[in-house]
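Be aware that the sequence shown starts at 11, since it is given in the numbering used here, and climbs by one per residue.
Note that CB positions come from ideal geometry on N, CA and C, so glycine has one too.
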Amino acid sequence: MRYLPIFLDSHTGPVLLVGAGELVRAKLRLLLAAGARVRWHATDGDHAVDGLDAAAAARIEVAAGDPREADLRGVIAVLCAGAGEVGIALAARARAAGVPVNVMDDLAHSTFIFPAIVDRGDVVVAVGTGGASPVVARRVRERVEAVLPARIGDLAGLIGRWRKSIHARIPEFALRRRFWERVVDGPIGAAVLAGRSREAEAALRAIVDPSSFAGAGAGGAPQGHVTLVGAGPGDPDLLTVKGLRALQDADVVFHDELVSPEILDRARRDAARVPVGRRVGKPGIGQEAVNRLLIEAAQAGRRAVRLKGGDPFVFGRGGEEVEALRDAGVSYSVVPGITAALGAAADFEVPLTYRREALRVTFLTAHRADDAAKIDWSTLTDLEATVVAYMGMTAAPAIRDGLIAAGRSPRTPVGVFARATRPDAQAAVGVLADLPALVRRIDGGPALLVIGDVVAHSAPWRAARLAQTLPDLMMAAE
Ligand SMILES: C[S@@+](CC[C@H](N)C(=O)[O-])C[C@H]1O[C@@H](n2cnc3c(N)ncnc32)[C@H](O)[C@@H]1O
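Here is the structure:
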């Protein structure tokens, strides 16, 4: 590491800014947002900046004359556009005067560089790549943005306000650190992050008041919580920001087999990972046992994530788990995920609804032929209905027979979409009459069946038409 990250107090003196154009104005805005006073030599004489509020605009000091001769006394940093003659001369003077200087895009003449910044009020994360690649720094910043709770700055602010009082109340350093850890990780921290700052403030006030210190919560046993998280259909980037945060906060992750290792890798490194789903050819531990594990984890004060493929409430047993948690008095929450139907629709370009063509979508599951026999297919025969069957591979002949017997055309376009959103995704398209044969063309992995005219808009259908592997289906597509 060559560049040491330090945070400059922007209130201790003016920053000298030299240059013109949009990049310089962007830096000006950044400095003003940090509360700095800025002495600005606009080399083209244009000091206009849009969109500044009056307080920020008042902190700009317009400077004139030759910037190379600028007065550096009291200046806390110099920032100069481009490495032209002005930049080089000013950098040399700043160095000689011991003032930190940044010449934009010119490491050789700079003594500091700007990091990419995640700004959450009192919490600021700076990301640097030693000046090698601002693009990489920005990508890292995006990832940090994604996992950092929106109100983390409020939490730091709250702690800042109560620091002195708590210091007086708990003078011993180690005890105090433990106290603050419990505040951050416990119900007080959770209340702030959930936007209930007043509640958190009241809890801290109760702690500082000696008469209520013992029962104030932050010092008590931590409370457990279970978050049901939908992991999406496979692509790790389809996990929601909220799901990712829950994962990174969890002490233990109970996961289905469908959840890919790339997604599990996004959990905290020291979190326990417990597989609880069915594996190919092997039964899972059973729903009752899963419920028990979740309840026990929460009752032991752990933050547990129950990570499921797709969405927890779409054929995901989320309902049963939530009921068990509620019955046991365990605190829980649910984070939705992208269900496989939507993942496959996006991946293979199947518009599940289409104006004037498909007016409704039905998600159904038919694990076995006798499940298919229970479905009232007569409600799904109109042309405007798109049917998505989860877990329908084995029951494909029964699904075909049920729909055709109820009156749906055997020439209805259908698609079998497997391992959607994964790198090895696969599709087979054709007509309803051939559904079982299409299923046989799939090489394994989770797959769903989509039945309806909209399949004729899909990318695999268009490719098959181009390759003329659907000669007798042209009419069905029309
Ligand atoms: C037990 S269900 C879970 C569904 C999940 N909760 C959801 O919302 O997608 C498993 C079924 O989802 C479907 N599925 C899951 N992931 C899939 C994927 N990546 N591509 C296609 N189908 C998938 C398959 O039909 C699989 O048999």
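In the assembly as shown, Lys-292 is an exposed residue. Its beta-carbon has fewer than 16 other beta-carbons within 10 Å. The residue from Glu-333, Arg-410, Leu-304 and Leu-89 with its alpha-carbon nearest to that of Arg-47 is Leu-89. The alpha-carbon separation between Pro-470 and Val-340 amounts to approximately 46 Å. In the same chain as Ile-385, and ignoring 5 residues on each side of it, the C-beta atoms closer than 7 Å to its own belong to Leu-374, Ala-376 and Gly-412, in chain order. DSSP places Trp-50 in the uninterrupted beta strand (DSSP E) bounded by 47 to 51.
In this structure, the beta-carbon distance from Ala-73 to Ala-66 does not fall below 8 Å. Relative to the non-hydrogen atoms of ligand 1, the Cβ of Pro-285 never comes closer than 7 Å to any of them.
For Pro-144, the three-state secondary structure derived from DSSP is helix.
Residue pairing of Arg-316 in beta bridges, as defined by DSSP: Leu-238 and Phe-264.
Taking the C-beta atoms as reference points, Leu-304 is found nearer than 8 Å to Arg-316.
In this structure Val-464 is buried. Its beta-carbon is surrounded by 16 or more other beta-carbon atoms within 10 angstroms. Minimum Cα-Cα distance from Asp-434 among the listed residues Gly-462, Arg-69, Gly-455 and Leu-448 corresponds to Gly-455.
In the three-state reduction of the DSSP assignment, Arg-173 falls in the helix class. Closest option to Ile-169, judged by alpha-carbon separation, among Arg-187, Ala-160, Leu-158 and Arg-432: Arg-187.
Taking a contact as a CB-CB distance under 8 Å, the pair Ala-383 and Ala-408 counts as one, their CB atoms being some 6 Å apart.
The C-beta of Leu-445 has 16 or more other C-beta atoms within 10 Å across all chains shown, which makes the residue buried. Judged by DSSP in its simplified three-state form, Leu-257 adopts helix. Between the alpha carbons of Gly-97 and His-119 lies a gap of roughly 8 Å. Where Ala-67 is concerned, the enclosing alpha helix (DSSP H) starts and stops at 64 to 67.
Residue pairing of Val-424 in beta bridges, as defined by DSSP: Gly-440 and Ile-461.
Thr-349 counts as buried, since at least 16 other C-beta atoms from the protein chains shown sit within 10 angstroms of its C-beta.
Rounded to whole angstroms, the gap between the alpha carbons of Glu-331 and Met-401 is 20 Å. Exclusion of Arg-316 from the 7 Å shell around ligand 1 follows from its C-beta lying no nearer than that to any non-hydrogen atom of the ligand. The residue among Asp-337, Ala-106 and Val-239 with its C-alpha nearest the C-alpha of Gly-347 is Val-239. For Arg-283, the secondary structure class from DSSP, reduced to helix, strand or coil, is strand.
Remark: C-beta atoms of Val-28 and Ala-107 do not approach each other more closely than 8 Å. Proximity of the beta carbon of Pro-456 to ligand 1 is indicated: a heavy atom of the ligand is located closer than 7 Å. In the three-state reduction of the DSSP assignment, Ala-212 falls in the helix class. Ala-437 is the residue among Gly-462, Ala-437 and Val-441 whose C-alpha sits nearest the C-alpha of Ile-452. For Arg-130, the secondary structure class from DSSP, reduced to helix, strand or coil, is strand.
Under the three-state reduction of DSSP, Phe-373 is assigned to strand. With a cutoff of 7 Å, Pro-446 does not count as near ligand 1, since its C-beta is closer than that to no heavy atom of the ligand. Arg-278 is the residue among Phe-124, Leu-458, Gly-84 and Arg-278 whose C-alpha sits nearest the C-alpha of Leu-254.
Look at Asp-411: its beta carbon is at least 7 Å from all of the heavy atoms in ligand 1. Rounded to the nearest whole angstrom, the CA to CA distance from Arg-105 to Gly-141 is 19 Å. In the three-state DSSP reduction, Ile-70 falls in the strand class (E or B).
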